[in-house]
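>
2 protein chains.
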Amino acid sequence: MNIKLNLQYDGTEYHGWQIQKNGVTVQETVKNAVEKVTGENVTLIGCGRTDAGVHAENYICNFHTSASIPPDKYPYALNAALPSDIVCFGACEAQDDFDAARSAVKKRYVYRILNREFPDAILCRYAWHCRHSLDTEKMHEAAAAFLGEHDFIGFASSGFSVKTTVREIYSLDVTRKDDLITVDITGNGFLYNMVRIITGTLVSVGGGKLDPADMADIIASRDRERAGITAPAKGLCLKEVYYR
Amino acid sequence: MNIKLNLQYDGTEYHGWQIQKNGVTVQETVKNAVEKVTGENVTLIGCGRTDAGVHAENYICNFHTSASIPPDKYPYALNAALPSDIVCFGACEAQDDFDAARSAVKKRYVYRILNREFPDAILCRYAWHCRHSLDTEKMHEAAAAFLGEHDFIGFASSGFSVKTTVREIYSLDVTRKDDLITVDITGNGFLYNMVRIITGTLVSVGGGKLDPADMADIIASRDRERAGITAPAKGLCLKEVYYR
C-alpha cells in the first residue's frame, strides 16, 4: 500500500527536511515514527527539501508499506510518536506510482516579513524582522517581472545540481496587513533558496536600494550578484503542494 | 530615575517571571540585561508573577537607576542584550512612587484553546488543544456567573499567601473564530492559577461535564473540587496591565 501523508511542522528546531549526518531533520523524525507504527523499514519520499528553519503547513510525503493499518488511522498513531512541532493531519492511500517528489506539479510558498521598529518575541521564529520602512507598492510592482517562465539561475544558491534552471512562476503577490508583509508565490518548482532570494530582492526594492523598473533586466542578467540577499529561513513556509 | 518598561515575551522556555533557583526566569533575564546596560545593580519590579510557560504581550516592570540613559533608548539597548523571545518595546520615565506591582489596578488575560481533531505544530506552544467539540454558547452562558465580586478561593491553587481571596471580574468573554476559542478576562487581580482554573471550568462546561446553570453555585461553594481542571500554562497570555 502506498500511503500519502499531510504534515505540518515548525522547522525552527530542525536541520531541514532531508536526512543528514549533522543534526536532526524532519524526514528522519517522521521516518522513525512511521517505522515505529508500521514495524517496518520504510523509504519516506518527501515533496522536496526544505531548508533548516523553514516551516511547512501542508508538506506531502509518501511511503510503501505492507502493514494492514487503515490509512485514516495513521495521523493518530503518528502524532502519538511525533514531537509536538510535527503534526500529521491527513493520510490516505495513493495510487501505486504516486511519488511525493516526482508527481508534484506546482508549489506555493509564503514568506512573512515583520516591518516595524521593534521585533516580536513570538514572530521572531516565523517572520523576518525588517526595521526600515518598506514600500509594498514598489515591491508589488517589482513582483510582476517574475511572472512567467525565466531562467532563475541568478536567484539560486549554488550547491545543488538540477537539469534546468528554468522555472515558471504562476503568481507572486505582496500584501501588507498592519506590520506584516506577506510574499505569496506559486510556481512549477523552485531552485535552491529561490523563494528566499526573490524575497530578499523584493525587500531591496521596498527599501529603495533597487528600482522595480530594473527587475526584468536583473532577472535576464542571470547574475546572482545583481539580485538581493537570501532572506532568512525562518520567514518561509511551504503552504501547498499540487499534484495532477 | 524610575524607568518603566513594556515587555513582550514567549514564556515557553522560561520558568515563569519570578527569579528562582531552579531554572531561568524572565525576571532574571531582563534584570541581567538592565544591569548590563546601566552598569548598576538594580531591583526589577514586575507587575505580577506569570507561571512557567505563560506568555505576555504587554508586561510592565520598573527599576530605579542613576544612569543617564535617555528613557527612549532603553528598548534598543535592552533588545541588543536580550534573547529573541523577550522584547522590550517601550520605556519611559515614571513617577518616583510608581511600582509596577502595587500600582496596578486591573489586568487583562487571554487564554486560547484550539478546538479541533488534530493539534497544530505552531499553536502547540500558544494554545491548549482540546479534541472534543466544545459548545461555546454554553461557555459564554457560564462566563456570566463569574462577573462581579466573588470569593474565588475555589478557583485558586494553594501555595501563595494573599490578604484576601475576593476579586472582581469586570469582563469575561468567550468567542470562537474557526477552530480557535478565546477566553478574554479582565479583573482587578487574579489568584494563583485563577485564570487557568476558570478556563478549565469553562472547558468542562463546553464539553458538557458541567452545567452553566450550576456555575453560580460552584463559585459560591468556594470548593476547588467542584471547579474544573487547571488549564495548561501555554494557552495563557497577559495582554494588558492597567494603572491609575
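As you go down the protein sequences, you meet chains A and B in turn. So the first sequence is numbered by my numbering: it starts at 1 and just counts up by one. So the second sequence is numbered by my numbering: it starts at 1001 and just counts up by one. Where is the CB? At the ideal position from N, CA and C, for every residue including glycine. Just so we're clear, the structure is a prediction, and the values are computed from it rather than from any experiment.
#1: Please compile the residues from chain A whose C-beta is within a distance smaller than 7 Å of the C-beta of Val1087 of chain B.
#2: Taking the beta carbon of Glu1093 of chain B as the centre, do at least 16 other beta carbons fall within 10 Å, making it buried, or is it exposed?
#3: Taking Cβ positions only, does Cys124 of chain A come closer than 8 Å to chain B?
#4: For the stretch 1219 to 1241 of chain B, list every residue whose C-beta sits within 7 Å of some C-beta in chain A, in sequence order.
#5: To the nearest angstrom, how far is the alpha carbon of Val26 of chain A from that of Asp1085 of chain B?
#6: What are the start and end residues of the beta strand (DSSP E) that includes His1055 of chain B?
#7: With a cut-off of 8 Å, does the C-beta of Ser84 of chain A fall near any C-beta of chain B?
#8: Does the distance from the CB of Ile185 of chain A to the CB of Phe155 of chain A come in under 8 Å?
#9: Taking the alpha-carbon positions, what's the Ala1104 of chain B to Cys1047 of chain B distance?
#10: How about Val1183 of chain B and Leu1134 of chain B: are their beta carbons less than 8 Å apart?
#11: Leaving aside the five residues before and after Asn188 of chain A along the sequence, list all residues of the same chain whose C-beta is less than 7 Å from its C-beta, in chain order.
#12: Suppose the cutoff is 7 Å on Cβ atoms and the five residues either side in sequence are ignored; what does the same chain contact list for Gly207 of chain A look like?
#13: In chain B, which residues lie less than 9 Å from Asn79 of chain A when you measure between Cβ atoms?
#14: In the DSSP assignment, what are the bridge partners of Ile3 of chain A?
#15: In the DSSP assignment, the beta strand (DSSP E) including Gly1011 of chain B goes from what residue to what residue?
#16: May I ask you to report which of helix, strand or coil DSSP gives Tyr1074 of chain B?
#17: Check this for me: beta carbons of Gln1095 of chain B and Asn1002 of chain B, under 8 Å apart or not?
#18: Does the stretch 221 to 228 of chain A come into contact with the stretch 1015 to 1032 of chain B, if we say contact requires no fewer than three beta-carbon pairs (one atom in each stretch) closer than 8 Å?
#19: Secondary structure at His140 of chain A, three-state DSSP: helix, strand or coil?
#20: Within the continuous alpha helix (DSSP H) that includes Gly207 of chain A, where are the two ends?
#21: According to DSSP, is Val24 of chain A helix, strand or coil?
#22: Do Ile1069 of chain B and Ala1100 of chain B count as a contact pair if the criterion is CB distance below 8 Å?
#23: From A:Ala77, A:Lys163, A:Ile19, pick the residue whose C-alpha is nearest to that of Ile45 of chain A; which is it?
#24: Counting only beta-carbon atoms, is Gln8 of chain A nearer than 8 Å to chain B?
#25: Using only the alpha-carbon positions, how far apart do His129 of chain A and Tyr1170 of chain B sit?
#26: Helix, strand or coil for Lys127 of chain A per DSSP?
#27: Below 9 Å on C-beta distance, what does Pro1075 of chain B contact in chain A?
#28: Taking the C-alpha atoms as reference points, what is the distance between Lys234 of chain A and Asp173 of chain A?
#29: State the start and end residues of the unbroken beta strand (DSSP E) segment that holds Ala1104 of chain B.
#30: Residues in the same chain with beta-carbon distance under 6 Å from Ala1077 of chain B, minus the five sequence neighbours each way, listed in chain order, please.
#31: Could you give the first and the last residue of the continuous alpha helix (DSSP H) run that contains Ile1219 of chain B?
#32: Out of curiosity, what's the CA-to-CA distance linking Phe63 of chain A and Tyr192 of chain A?
#33: When the distance is taken between beta carbons, is Phe146 of chain A closer than 8 Å to Met194 of chain A?
#34: First and last residue of the beta strand (DSSP E) that includes Lys1239 of chain B?
#35: Sort A:Asp72, A:Ala80, A:Asp97 by Cα distance to Gly90 of chain A and report the nearest one.
According to the structure shown:
#1: Looking up residue 1087 of chain B in the second sequence gives position 87. The contacting residues are Phe118, Pro119, Asp120, Ala121.
#2: For the purposes of this step, residue 1093 of chain B is taken as the residue at position 93 of the second sequence. Answer is exposed; the Cβ neighbour count stays below 16.
#3: In the first sequence, counting from the first residue as 1, residue 124 of chain A sits at position 124. Yes, Cys124 of chain A counts as interfacial toward chain B.
#4: none
#5: Taking the first sequence and counting its residues from 1, one reaches residue 26 of chain A at position 26. Taking the second sequence and counting its residues from 1, one reaches residue 1085 of chain B at position 85. Rounded to whole angstroms, Val26 of chain A to Asp1085 of chain B spans 23 Å at the Cα level.
#6: For this step, residue 1055 of chain B is matched to residue 55 along the second sequence. Counting along the chain, the beta strand (DSSP E) containing His1055 of chain B begins and ends at 1055 to 1064.
#7: Stepping through the first sequence from its first residue, residue 84 of chain A is reached at position 84. Yes, its Cβ sits closer than 8 Å to a Cβ of chain B.
#8: Locating residue 185 of chain A in the first sequence gives position 185, where the first residue counts as 1. Locating residue 155 of chain A in the first sequence gives position 155, where the first residue counts as 1. Contact: no.
#9: Position 104 of the second sequence, counted from the first residue, corresponds to residue 1104 of chain B. Position 47 of the second sequence, counted from the first residue, corresponds to residue 1047 of chain B. If you take the alpha carbons of Ala1104 of chain B and Cys1047 of chain B, they lie about 7 Å apart.
#10: What you label residue 1183 of chain B is simply residue 183 of the second sequence in a count that begins at 1. What you label residue 1134 of chain B is simply residue 134 of the second sequence in a count that begins at 1. No, the pair does not count as a contact, with Cβ atoms beyond the cut-off.
#11: Against the first sequence, residue 188 of chain A aligns to sequence position 188. Counting only Cβ-Cβ distances below 7 Å, and skipping sequence neighbours, we find Val105, Lys106, Arg167, Glu168.
#12: Looking up residue 207 of chain A in the first sequence gives position 207. His132, Leu134, listed in sequence order.
#13: Reading the first sequence from its first residue, position 79 is the one you call residue 79 of chain A. Correct list: Phe1118, Pro1119.
#14: What you label residue 3 of chain A is simply residue 3 of the first sequence in a count that begins at 1. A:Phe63, A:Glu93, per the DSSP bridge assignment.
#15: By one-based count along the second sequence, residue 1011 of chain B stands at place 11. Here Gly1011 of chain B belongs to no beta strand (DSSP E), and DSSP marks it neither H nor E.
#16: One-based indexing of the second sequence puts residue 1074 of chain B at position 74. Three-state result, Tyr1074 of chain B: helix.
#17: Within the second sequence, numbered from 1, the residue matching residue 1095 of chain B stands at position 95. Within the second sequence, numbered from 1, the residue matching residue 1002 of chain B stands at position 2. Result yes, Cβ atoms of Gln1095 of chain B and Asn1002 of chain B sit closer than 8 Å.
#18: no
#19: Counted from its first residue, the first sequence places residue 140 of chain A at position 140. His140 of chain A: helix per DSSP, three-state reduction.
#20: To locate residue 207 of chain A, count along the first sequence from 1; it is residue 207. Taken as a continuous stretch (DSSP letters only), Gly207 of chain A belongs to no alpha helix (DSSP H), as it is neither H nor E.
#21: Sequence index remark: in the first sequence, residue 24 of chain A carries index 24 (1-based). Residue state, collapsed to three classes: coil.
#22: Within the second sequence, numbered from 1, the residue matching residue 1100 of chain B stands at position 100. Within the second sequence, numbered from 1, the residue matching residue 1069 of chain B stands at position 69. Not a contact, by the Cβ cut-off of 8 Å.
#23: For the purposes of this step, residue 45 of chain A is identified with residue 45 of the first sequence, where counting begins at 1. The option with the nearest alpha carbon to Ile45 of chain A is A:Ile19.
#24: On the first sequence, residue 8 of chain A is found 8 positions in, with the first residue counted as 1. For Gln8 of chain A, the answer is yes, since a Cβ of chain B falls inside 8 Å of its Cβ.
#25: The residue given as residue 129 of chain A occupies position 129 in the first sequence. The residue given as residue 1170 of chain B occupies position 170 in the second sequence. So the two alpha carbons sit approximately 36 Å from each other.
#26: The residue you call residue 127 of chain A lines up with position 127 of the first sequence. According to the sequence shown, residue 127 of chain A is Ala rather than Lys. Coil at Ala127 of chain A, not helix or strand.
#27: Mapped onto the second sequence, residue 1075 of chain B falls at position 75. Within chain A, the residues near Pro1075 of chain B are Glu117, Phe118.
#28: Within the first sequence, residue 234 of chain A is the residue found at index 234, counting from 1. Within the first sequence, residue 173 of chain A is the residue found at index 173, counting from 1. Distance between the alpha carbons of Lys234 of chain A and Asp173 of chain A: 19 Å.
#29: As a first step, residue 1104 of chain B is located in the second sequence; it is residue number 104 there, counting from the start. 1104 to 1115 is the span of the beta strand (DSSP E), which, as asked, contains Ala1104 of chain B.
#30: Here residue 1077 of chain B corresponds to residue number 77 of the second sequence, with the count starting at 1. Answer for Ala1077 of chain B: Val1037, listed in chain order.
#31: In the second sequence, residue 1219 of chain B corresponds to position 219, counting from 1. Residues 1215 to 1221.
#32: On the first sequence, residue 63 of chain A is found 63 positions in, with the first residue counted as 1. On the first sequence, residue 192 of chain A is found 192 positions in, with the first residue counted as 1. Between Phe63 of chain A and Tyr192 of chain A, the C-alpha separation is close to 24 Å.
#33: Numbered from 1 along the first sequence, position 194 holds the residue referred to as residue 194 of chain A. Numbered from 1 along the first sequence, position 146 holds the residue referred to as residue 146 of chain A. Going by C-beta atoms, Met194 of chain A is not nearer than 8 Å to Phe146 of chain A.
#34: Residue mapping note: residue 1239 of chain B aligns to position 239 of the second sequence, counting from 1. Note, Lys1239 of chain B: beta strand (DSSP E), 1236 to 1243.
#35: The sequence position of residue 90 of chain A within the first sequence is 90, counting from 1. Here the closest residue by C-alpha is A:Asp72.
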